[in-house]
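**Q**
Numbering (full-length UniProt numbering), first residue to last: 1 to 56.
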């Protein structure tokens, strides 16, 4: 009986840890997407500025 309870607690803890890991991965992916969009915007603005400088 005690062994069964212990195994159940370990299972619940493991599932909780896996859930936490998955949530962290999702947050990392979302942050990465935001960083990529930010970089693209900065690169676009830099390219536009270079074109304006070239035209002057």
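Each residue gets a CB set at the ideal place from its N, CA and C atoms; glycine is no exception.
(1) Give the DSSP-derived three-state secondary structure of residue 23 in the structure shown.
(2) To the nearest angstrom, how far is the alpha carbon of residue 33 from that of residue 39?
(3) Which value, in whole angstroms, describes the spacing of the CA atoms of residue 27 and residue 45?
**A** According to the structure shown:
(1) helix
(2) 10 angstroms
(3) 27 angstroms
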